[in-house]
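Engineer: One gets this note's numbering by counting positions in the sequence shown from 1 and adding 3 to each. Virtual Cβ for every residue (Gly too), placed ideally from N, Cα, C. These numbers come from a predicted model, not from an experiment. To start, I am sharing the structure in question, which I have written as structure tokens.
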Amino acid sequence: MEVEILLLRNKLRNSNVAQAEWRRLHGEDSLPKIRRLKISNLPIEVLTLIFNHVKHEPATLKLDNSYLHNNPRPDFDLTSIQSIRMTCRHFYNASSSLLIPVVHVSITPNSLARLNKASRNPTISRGVRTIRTHANIYSAEHAGNYQAFCQSAVQKLLAATTAYRGYEKRYNEQKALLDNDNFFYIVSIATARMPMQQVSFTDLS
4 MEVEILLLRN KLRNSNVAQA EWRRLHGEDS LPKIRRLKIS NLPIEVLTLI FNHVKHEPAT
64 LKLDNSYLHN NPRPDFDLTS IQSIRMTCRH FYNASSSLLI PVVHVSITPN SLARLNKASR
124 NPTISRGVRT IRTHANIYSA EHAGNYQAFC QSAVQKLLAA TTAYRGYEKR YNEQKALLDN
184 DNFFYIVSIA TARMPMQQVS FTDLS
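Here it is, written out as structure tokens:
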């Protein structure tokens with residue numbers, strides 16, 4: 004019985020040695036056939052997903068106040084996208100679609116020409132996700148009546164004078180709050196009274 008066990012152990016050991024040798028020879032034989040891969044070998048779709056992490060919503064995108072209140076607007080890292088495009092042809096093709104995610108269209112020949120040009124560019128067009136049409140119509144009355152146009156312009160100037168007085172007043176009030184640190188003091192005190200998780204500062208100007 005002991006002899007049989009010993010023979011089985013020897014066979015098992017020999018089998019393990021043979022398997023290890025086979026793996027070694029098989030691995031060495033396959034190495035010359037394996038091509039060294041680089042990041043440029045990734046498919047364009049995969050690279051685009053990677054580069055998308057440095058692309059955010061354009062800072063110049065016009066949004067309504069309710070959207071901005073609930074969705075803080077990140078900066079658009081255009082410089083990084085431009086740098087990526089200059090790396091190599093493969094990166095250029097993968098990142099170009101991230102340059103123009105939103106196209107603004109007005110009822111003007113130049114605006115339509117830009118839209119048409121963007122739509123015909125296969126690299127740029129596949130990155131466009133939103134087309135915003137601004138339906139600002141010029142008044143037929145003002146275009147056909149110089150006096151009516153001037154009267155409208157005067158009314159806007161008078162309104163601008165009133166608006167300037169309000170702007171000047173709010174500027175002086177704001178400057179006083181910032182100069183004596185009252186703004187930050189009151190905000191910090193009020194924040195300390197509430198179970199806040201986040202305080203954000205935005206500049207929508």
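Across which residues does DSSP place Ser-109 in a beta bridge pair?
Structural biologist: Paired residues: His-137.
Engineer: Within the continuous alpha helix (DSSP H) that includes His-145, where are the two ends?
Structural biologist: 143-147 is the span of the alpha helix (DSSP H), which, as asked, contains His-145.
Engineer: Is Ser-226 near Val-57, with beta carbons less than 8 angstroms apart?
Structural biologist: There is no way to answer for residue 226, as the model of the chain reaches only from 4 to 208.
Engineer: Does DSSP put Phe-94 in a helix, in a strand, or in coil?
Structural biologist: The answer is helix: DSSP assigns Phe-94 an H, G or I state.
Engineer: So, helix, strand or coil for Val-190, using DSSP?
Structural biologist: Three-state result, Val-190: helix.
Engineer: Taking the alpha helix (DSSP H) that Gln-201 falls in, what are its first and last residues?
Structural biologist: Unbroken run through Gln-201: none, as it is neither H nor E.
Engineer: Can you tell me the Cβ-Cβ gap for Thr-136 and Val-108, rounded? I've got them flagged as a contact below 8 angstroms.
Structural biologist: Thr-136 to Val-108, Cβ: 5 angstroms. Contact.
Engineer: Where Ala-138 and Ile-110 are concerned, what is the direct C-alpha to C-alpha distance, given to the nearest angstrom?
Structural biologist: Going by the C-alpha atoms only, they are around 7 angstroms apart.
Engineer: Pull up the distance between the alpha-carbon of Phe-94 and that of Ile-42, whole angstroms please.
Structural biologist: One C-alpha to the other measures close to 10 angstroms.
Engineer: Between the C-alpha atoms of Gln-200 and Val-157, what's the straight-line distance to the nearest angstrom?
Structural biologist: If I take the Cα positions, the gap works out to 49 angstroms.
Engineer: Quick check: what's the CA-CA separation for Asp-206 versus Ile-134?
Structural biologist: Spanning the two alpha carbons is a distance of roughly 25 angstroms.
Engineer: Quick one: is Met-197 buried, meaning 16 or more other Cβ sit within 10 Å of its Cβ, or exposed?
Structural biologist: Exposed, by the Cβ-count rule.
Engineer: Can Ile-87 and Ile-103 be called in contact, C-beta distance under 8 angstroms?
Structural biologist: Contact: no.
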